[in-house]
Every structure is written in structure tokens, then in C-alpha cells.
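Chemist: Sharing a structure with you now.
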Amino acid sequence: MPRTSLPTRLAATAALLLAAGTLSAPAASAKPSDAAPGDAYMLTVSTNPTSTDYDNRRVDVTGTVTKADGTPAPNIPVTIQEVVRFTTWNPWGDPIDPTYYEPRDLGKPVTDANGKFTIPDVDIDHVTGSSLLNVQHEVQITALYDEDGDLNTPQDGYYADTTVAADAKSSSVTYKVNKKKVKAGDILTVQGKVTLPKGVEPQGTEVFLQTYWEQEYDVKTTSEDDGFFVMSVRVSGYDDTFELRTAPTDLYVAGAHQPLPVTNTSLPRT
């Protein structure tokens, strides 16, 4: 599920340059004395509170920019983003980025006379219509200051980040299958119901059916107003992994996972 948007460049560039060691990236609690030799500035970012939940989704984002000697740096524009992170589906174990990102701009506050900046009442949430399959319930807040405003010259860039725990309520999925032993060419039908926390509408919850280990899912559907769903797939001779996964539309409701008691008799016996 690729996610590409204009703000993506900031998040991706920061991550790559940080890994390469070309961006200054102190921890949010770092002190000016922690600045690396040659750094002109020190950047920090933090949130209050540090965690959110279904009923309380807002935080204040604050931070500081100081000069190398520890004195405040006023009138510095800092780009702030929220980055919702997803676990990359990777059954092969390849050395690829285990996380992919969906960033959105929160603003570009300017530091005051004391070198401080703030964005109050930030909603820690998922605001696009993209799928929440494999979402991580720990959202990243990033801060970036680039002296010349050119991300292609990373030597003058300063980066900091912090995370906000998004405590999610649990959900469940129940199911029935039309047969537990299948062979190549059979139609496997799965019907079931998604149950979400009280007061949360199940309509639109995505339901994914996997049949083969290399594919994250083979078919998908969305649940109806009452949470019920039905889906069918034609079984192939190599299908060997039958599992259900759900992805509610709310970041604060966790998805459910259920292996199915289905055996493909067309597979070679071991």
C-alpha cells in the first residue's frame, strides 16, 4: 500500500539522512552541550501529554531551538509533521525498510525570543482515507529546521522527533467457512462478523482474506452496518495460509487477526 504525497519527502528525507548521519538529530531531552562538533543549532521537540486514547486525542507540541553555545535562537521556522507509521508486510525477510510512513504537515511555527515554539491542540489521528491495515499505534512527531530551506543540502539540516502512544481499543472477528478441507478449484466462502467497541460503528471495517504466504491478502471486503461480511475465493493448488485480518477505520480501534481451520488437500504431502 504505497503512500506518496508532497509531505512524504520531508519524512523520507529526514529518515534517510538521519540514518546516514548527515542530519543532527538529538533526543527530545538533549541539552545544548550534546551538540555535535560543528553544529550551529540544537533542536528538540516534545508533546504534552505523551499518550492519547479514544476519548483524548489532542496534545500540545512544543520544542526549542538553541545555538551551539546554548543561547536561545529566536525567529527560527521549524517544520512540524505528524507521521502515522505502518509495518511493511514482508514475509521474505528482505533487507527493506520495515516501516512505511504517512506524514501530514502540522505547521511551521517560528521560535520566540526564548527559542521556543509550540502548536497547541494537535489531533493525533489518521485523517486520510487510506487503509489502516498494519498501522502502528505509536505516532511520530517530527521537527525539521533546514538553514537554507533546501533538503538537497542536508549538511545544514537539524532534525528531532518524539512519539505519542495512541492507545487503541480492541476488536474481534468471528467467522464460518463453507468447508475446512479444500482442493484446487474449490470456492472457499467465509462469512462472519466484526465486533467493535461499544459505540463504534463497524460499517466500513476492512476485512482481508489471505490464502498464500507470499501475498498479504487475496480478496478483501468491507463490513455492513451490522458488522457482517461475506467473501469468496477460488482456491489454487499452492494456497497454504488461510487467515483473516481486519482494519477498522479508526486509528484508536485495533484490528483483529484469525487463522482459519482450512487445509488445502492439493498441496504435496510432507
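Just so we're aligned: the sequence shown equals residues 748 to 1017 in the working numbering. Using N, Cα and C, we set each Cβ at its ideal position, and we do this for glycine too. These figures come from a predicted structure and were not determined experimentally.
For isoleucine 823, is the classification buried or exposed, using 16 other Cβ atoms within 10 angstroms of its Cβ as the cut-off for buried?
Modeler: As a working note, residue 823 is residue 76 in the sequence shown. That one is buried.
Chemist: Taking the continuous beta strand (DSSP E) assigned at glycine 854, which residues delimit it?
Modeler: Here residue 854 refers to the residue found at position 107 when the sequence shown is read from its first residue. Element bounds for glycine 854: 846–854.
Chemist: If you draw a straight line from the C-alpha of threonine 968 to the C-alpha of isoleucine 888, how long is it?
Modeler: Taking the sequence shown and counting its residues from 1, one reaches residue 968 at position 221. Taking the sequence shown and counting its residues from 1, one reaches residue 888 at position 141. Their Cα atoms are separated by approximately 32 Å.
Chemist: Along the beta strand (DSSP E) that carries phenylalanine 864, what are the first and last residues, could you check?
Modeler: Here residue 864 is taken as the residue at index 117 of the sequence shown, counted from 1. Segment 863–870, the beta strand (DSSP E) holding phenylalanine 864.
Chemist: Residues in its own chain within less than 6 Å of leucine 880 by CB, not counting five upstream and five downstream?
Modeler: Within the sequence shown, residue 880 is the residue found at index 133, counting from 1. Cβ within range, chain order: Ala994.
Chemist: Within a Cβ cutoff of 6 Å, which residues of the same chain sit near proline 1008, ignoring the five residues on either side of it in sequence?
Modeler: As a working mapping, residue 1008 is identified with position 261 in the sequence shown. Result list for proline 1008: Lys927, in chain order.
Chemist: Could you have a look at aspartate 903 and say whether DSSP puts it in helix, strand or coil?
Modeler: Reading the sequence shown from its first residue, position 156 is the one you call residue 903. Correct three-state label for aspartate 903: helix.
Chemist: Is the CB-CB distance between aspartate 872 and leucine 998 below 8 Å?
Modeler: Within the sequence shown, residue 872 is the residue found at index 125, counting from 1. Within the sequence shown, residue 998 is the residue found at index 251, counting from 1. Yes, Cβ-Cβ distance for aspartate 872 and leucine 998 is below 8 Å.
Chemist: With a cut-off of 8 Å, do at least 3 Cβ pairs link the segment 909–926 to the segment 787–801?
Modeler: Short answer: they touch.
Chemist: Since I believe valine 1000 is in contact with methionine 978 (beta carbons under 8 Å), could you give me their beta-carbon distance rounded to a whole number of angstroms?
Modeler: Within the sequence shown, numbered from 1, the residue matching residue 978 stands at position 231. Within the sequence shown, numbered from 1, the residue matching residue 1000 stands at position 253. Between valine 1000 and methionine 978 the Cβ distance is about 21 Å, and since that is not below 8 Å, they are no contact.
Chemist: Can you list, in chain order, the residues of its chain whose CB lies under 7 Å from that of tryptophan 836, leaving out five sequence neighbours each side?
Modeler: Translated into the one-based positions of the sequence shown, residue 836 becomes position 89. Excluding residues within five positions, the ones whose Cβ falls inside 7 Å are Asn881 and Glu963.
Chemist: Which term fits aspartate 965, buried or exposed, when burial requires 16 or more other beta carbons within 10 angstroms of its beta carbon?
Modeler: By 1-based counting over the sequence shown, the position of residue 965 is 218. Buried, by the Cβ-count rule.
Chemist: Does DSSP classify alanine 913 as helix, strand or coil?
Modeler: In the sequence shown, the residue the question calls residue 913 occupies position 166. Strand at alanine 913.
Chemist: On the criterion of 16 or more Cβ atoms from any shown chain inside 10 Å, does threonine 1023 qualify as buried, or is it exposed?
Modeler: Since the displayed the chain opens at 748 and closes at 1017, residue 1023 lies outside it and no answer follows.
Chemist: At which residues does the beta strand (DSSP E) containing glutamine 957 begin and terminate?
Modeler: Here residue 957 corresponds to residue number 210 of the sequence shown, with the count starting at 1. Unbroken beta strand (DSSP E) run through glutamine 957: 953–957.
Chemist: From glycine 974 to asparagine 861, what distance separates their C-alpha atoms?
Modeler: Here residue 974 refers to the residue found at position 227 when the sequence shown is read from its first residue. Here residue 861 refers to the residue found at position 114 when the sequence shown is read from its first residue. Their backbone Cα atoms lie some 53 Å apart in a straight line.
Chemist: Report the residue from Asp859, Phe976, Ala787 and Val924 whose alpha carbon sits nearest the alpha carbon of threonine 936.
Modeler: Position 189 of the sequence shown holds residue 936. Nearest C-alpha to threonine 936: Val924.
Chemist: Any idea if glutamine 828 is buried or exposed, counting beta-carbon neighbours within 10 angstroms, 16 or more meaning buried?
Modeler: Along the sequence shown, read from residue 1 onward, the residue named residue 828 stands at position 81. Answer is buried; the Cβ neighbour count reaches 16.
Chemist: Among Glu971, Arg805, Asn803 and Thr846, whose alpha-carbon lies nearest the alpha-carbon of glutamine 883?
Modeler: For the purposes of this step, residue 883 is taken as residue 136 along the sequence shown, with counting starting at 1. When each option's Cα is compared against that of glutamine 883, the closest is Thr846.
Chemist: Which residue comes first and which comes last in the beta strand (DSSP E) that contains asparagine 828?
Modeler: Within the sequence shown, the letter at position 81 stands for residue 828. Note on identity: in this sequence residue 828 is glutamine, with asparagine being the wrong assignment. Segment 826–834, the beta strand (DSSP E) holding glutamine 828.
Chemist: Taking glycine 984 and alanine 931 to be in contact with their CB atoms under 8 Å, please state how far apart those CB atoms are, rounded to whole angstroms.
Modeler: Here the question's residue 984 lines up with position 237 in the sequence shown. Here the question's residue 931 lines up with position 184 in the sequence shown. Indeed, because the Cβ distance is near 4 Å, the residues count as touching under 8 Å.
Chemist: Within this structure, are the beta carbons of threonine 826 and lysine 863 separated by less than 8 Å?
Modeler: Position 79 of the sequence shown holds residue 826. Position 116 of the sequence shown holds residue 863. No; because the gap between Cβ atoms is not below 8 Å, this pair is not in contact.
Chemist: Going by C-alpha to C-alpha distance, which of Leu1014, Val886 and Ser878 sits closest to valine 869?
Modeler: To locate residue 869, count along the sequence shown from 1; it is residue 122. That would be Val886, whose Cα lies nearest to the Cα of valine 869.
Chemist: Looking only at C-alpha atoms, which of Pro944, Pro1015, Ser1013 and Ala787 sits nearest to aspartate 895?
Modeler: As a working mapping, residue 895 is identified with position 148 in the sequence shown. Among Pro944, Pro1015, Ser1013 and Ala787, the Cα nearest to that of aspartate 895 is on Ala787.
Chemist: Determine the direct distance from the alpha carbon of tyrosine 848 to that of alanine 890, and round the result to whole angstroms.
Modeler: As a first step, residue 890 is located in the sequence shown; it is residue number 143 there, counting from the start. As a first step, residue 848 is located in the sequence shown; it is residue number 101 there, counting from the start. Straight-line Cα distance between these residues: approximately 15 Å.
Chemist: Does the Cβ of serine 793 have 16 or more other Cβ atoms within 10 Å, making it buried, or fewer, making it exposed?
Modeler: Looking up residue 793 in the sequence shown gives position 46. Counting Cβ neighbours within 10 Å, serine 793 comes out buried, since at least 16 surround it.
Chemist: Taking all protein chains shown into account, decide if glutamine 957 is buried (16 or more other Cβ within 10 angstroms of its Cβ) or exposed.
Modeler: As a working mapping, residue 957 is identified with position 210 in the sequence shown. Answer is buried; the Cβ neighbour count reaches 16.
Chemist: Taking the C-alpha atoms as reference points, what is the distance between glycine 904 and aspartate 841?
Modeler: Mapped onto the sequence shown, residue 904 falls at position 157. Mapped onto the sequence shown, residue 841 falls at position 94. Computed Cα separation, rounded: 30 Å.
Chemist: Have a look at the DSSP bridge pairing and note the partners of serine 889.
Modeler: As a working mapping, residue 889 is identified with position 142 in the sequence shown. The sequence shown places threonine at residue 889, not serine. Beta-bridge pairing links threonine 889 to Gln828 and Asp908.
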